[in-house]
Amino acid sequence: MIKQQGLSLIELMIAMTLGLILTFGVVQIFISSKQTYSVVTAQSQTQENGRVVKHFLGRGLRHAGYWDDSTLPIALPDNGVFAENQMVFATNDDAASANNIVDGTDTITVRFNGTADGQLRGCTGMTPDRNQMIVDRYYVTPAGANTNVPSLQCDSEMLTLGGASVSTASQPLIVGIENLQVEFGIGTEDRITQYVSADEVTDWGDVRSVRYGFLATSNQNTGGRENTNTYTLVDGETVTASGDNRLRQVQRDTVFLRNFRG
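Numbering of the sequence shown is given in the working numbering, commencing with residue 4 and proceeding in unit increments.
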C-alpha cells in the first residue's frame, strides 16, 4: 500500500508566493502594454490631425487669389474686410471669446474666384462658378459638449463677384487642434525679406507667402505624466500645455501665394 502525503504549510506558502509573483508580472505587462497602446494611438491621432490641417489650410492658401479668366484682369471687389483684389486677411492673437475663438490664437481668411468647370471648392464643399467667389475663414474653436479638445473650424461664404452673398456654411474640420499661429512673408517679386504677424502687415499687397504653425493634440489622455511643456509654433509665439496627460505635437508649413499685384 502506497502512503500518500499532502503539501506542507511551507510548500503551500511558497506556491502561493510564486503565484502572486507571476500574477503581478502579468498585470505589469498588461498595464505596460495598455500604456504603450495609448501612447501609440495618441501619436497617430496628432500626426493624422496635422495631415488634415495641412490638407485643408494648405489647399485654401494655394487657392487664394485664383482668378479663372486669364484674359481679364483680376477683379476681386472691396467688401470691407478685403481691399480690392486682396486675397488673404488675418487677425493676430484673437481675444474676442464671444466670437467662439480660442483666445490667443490667430485666424486667417482667404478668397478666390470659382471656375467654369467647378473644379475649385470652398472648405465646406461649396462650388463657385466663374461669376462667384469663395471666402473661407479658418480659426480654432474651444472644446464643446461633444469634444474634449479644441477644433479647427472653417466658416465659408459664397458670393457673386458683385458682393452679394449666395450661401454660407460652417464646418469643424478636425478635432484636436489647440492653437494656430500665422506669419506673413513680406518681400519683392523674387524673394522674401521678412516674416511678420498679421497686425504688423501694413500693406497686404506686399504679402508673398504664409508661414503657419499649429499645436495638434490627442483626443484623450495617455495616462502618462502631466504635460506642462512649452511649444514654439512660429517665431516668438509659444504655447504652454495645461498640465493634462495628452500628447502634443507642433507642425509647420509655408505656402507661397499668388501675386495679385501683377
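Cβ atoms here follow ideal geometry from the backbone N, Cα and C, with glycine treated the same way.
### Message
I need the straight-line Cα distance from Arg-264 to Gly-208, nearest angstrom please.
### Response
For the purposes of this step, residue 264 is taken as the residue at position 261 of the sequence shown. For the purposes of this step, residue 208 is taken as the residue at position 205 of the sequence shown. Any reading at Arg-264 needs caution, since the residue's pLDDT is 48, under 50, leaving its predicted position unreliable; the model's value is listed next. For Arg-264 and Gly-208, the gap between their C-alpha atoms comes out near 7 Å.
### Message
Could you check whether Gly-179 and Asn-222 sit closer than 9 Å to each other, using their CB atoms as the reference points?
### Response
Taking the sequence shown and counting its residues from 1, the one referred to as residue 222 is at position 219. Taking the sequence shown and counting its residues from 1, the one referred to as residue 179 is at position 176. It is a contact, given that the beta carbons lie within the stated cut-off.
### Message
For Arg-255 and Leu-75, I'd like the C-alpha separation in whole angstroms.
### Response
Translated into positions along the sequence shown, residue 255 becomes position 252. Translated into positions along the sequence shown, residue 75 becomes position 72. The alpha-carbon atoms of Arg-255 and Leu-75 are separated by roughly 35 Å.
### Val-84, buried or exposed, once every other Cβ within 10 Å from all chains shown has been counted against 16
As a working mapping, residue 84 is identified with position 81 in the sequence shown. It is exposed - the Cβ of Val-84 has fewer than 16 other Cβ atoms within 10 Å.
#### Entry: Ile-111 burial status per 10 Å Cβ neighbour count (16 or more: buried)
Position 108 of the sequence shown holds residue 111. Under this definition Ile-111 is a buried residue.
### Reduced DSSP category for Val-113 - H, G, I as helix; E, B as strand; rest coil
Numbered from its first residue, the sequence shown carries residue 113 at position 110. When secondary structure is reduced to three states using DSSP, Val-113 falls in the strand class.
### Task
Mark Ala-78 as exposed unless 16 or more other C-beta atoms lie within 10 angstroms of its C-beta, in which case mark it buried.
Residue numbering aside, residue 78 sits at position 75 when the sequence shown is read from its first letter. So Ala-78 counts as exposed.
### Task
Report the residue from Ala-93, Leu-250 and Gly-53 whose alpha carbon sits nearest the alpha carbon of Asp-206.
For the purposes of this step, residue 206 is taken as residue 203 along the sequence shown, with counting starting at 1. Considering only alpha carbons, the answer is Ala-93.
### Contact set for Glu-181: own chain, Cβ-Cβ below 6 Å, skip 5 residues either direction
Position 178 of the sequence shown, counted from the first residue, corresponds to residue 181. So the qualifying residues of the chain are Pro-153, Leu-218 and Thr-220.
### Task
Kindly give me the distance between the Cβ atoms of Ile-104 and Val-143, rounded to whole angstroms, as I take these residues to be in contact under 8 Å.
As a position in the sequence shown, residue 104 is number 101, starting the count at 1. As a position in the sequence shown, residue 143 is number 140, starting the count at 1. 7 Å between Cβ atoms; contact.
### Minimum C-alpha distance to Ile-189 - residue among Thr-241, Thr-257, Gly-147 and Asp-72
To locate residue 189, count along the sequence shown from 1; it is residue 186. The residue from Thr-241, Thr-257, Gly-147 and Asp-72 with its alpha-carbon nearest to that of Ile-189 is Thr-257.
### Message
I need the DSSP call for Thr-26, collapsed to helix, strand or coil.
### Response
Position 23 of the sequence shown, counted from the first residue, corresponds to residue 26. When secondary structure is reduced to three states using DSSP, Thr-26 falls in the helix class.
### Query
Looking only at its own chain, which residues have a Cβ that is under 8 Å from the Cβ of Thr-171, when we skip the five neighbours before and after it?
Counted from its first residue, the sequence shown places residue 171 at position 168. Closer than 8 Å at Cβ, skipping near neighbours: Asp-158, Ser-159, Glu-160 and Met-161.
### Task
Could you spell out the range, first to last residue, of the beta strand (DSSP E) harbouring Val-185?
Position 182 of the sequence shown holds residue 185. Where Val-185 is concerned, the enclosing beta strand (DSSP E) stretches over 180-190.
### Query
On the premise that Ile-177 lies in contact with Val-55, defined as a C-beta separation below 8 Å, what is that separation, rounded to the nearest angstrom?
Residue mapping note: residue 55 aligns to position 52 of the sequence shown, counting from 1. Residue mapping note: residue 177 aligns to position 174 of the sequence shown, counting from 1. About 4 Å separates the two Cβ atoms, so the contact holds.
### Query
Under a Cβ-count criterion, where at least 16 other Cβ atoms within 10 Å of its own Cβ denotes burial, should Glu-192 be classed as buried or exposed?
Within the sequence shown, numbered from 1, the residue matching residue 192 stands at position 189. Classification for Glu-192: exposed.
#### Entry: Ser-81 to Leu-250 span [Cα, whole Å]
If you number the sequence shown from 1, residue 81 lands on position 78. If you number the sequence shown from 1, residue 250 lands on position 247. Just to set this straight, residue 81 is Asp in the shown sequence, not Ser. Near 43 Å, if we compare the C-alpha coordinates of Leu-250 and Asp-81.
### Query
Where Gly-1 and Ile-32 are concerned, what is the direct C-alpha to C-alpha distance, given to the nearest angstrom?
Nothing in the structure corresponds to residue 1, since the chain is present only between 4 and 265.
### Task
Name the residue from Arg-140, Met-136 and Leu-183 whose alpha carbon lies nearest to the alpha carbon of Val-169.
Here residue 169 refers to the residue found at position 166 of the sequence shown. Distance check between Val-169 and each of Arg-140, Met-136 and Leu-183 places Met-136 closest, using alpha-carbon atoms only.
### Message
Using the Cβ count rule (16 or more neighbours within 10 Å means buried), how would you classify Val-210?
### Response
For the purposes of this step, residue 210 is taken as the residue at position 207 of the sequence shown. Within 10 angstroms of the beta-carbon of Val-210 lie 16 or more other beta-carbons, which makes it buried.
### Task
Going by CA-CA distance only, name the one from Thr-233, Gly-117 and Gln-122 that's closest to Thr-163.
The sequence position of residue 163 within the sequence shown is 160, counting from 1. Cα-wise, what sits closest to Thr-163 is Gly-117.
### Task
Taking only the alpha-carbon atoms, compute the straight-line gap between Gln-184 and Asp-71 and give it to the nearest angstrom.
Counted from its first residue, the sequence shown places residue 184 at position 181. Counted from its first residue, the sequence shown places residue 71 at position 68. Rounded to the nearest angstrom, the two C-alpha atoms are 30 Å apart.
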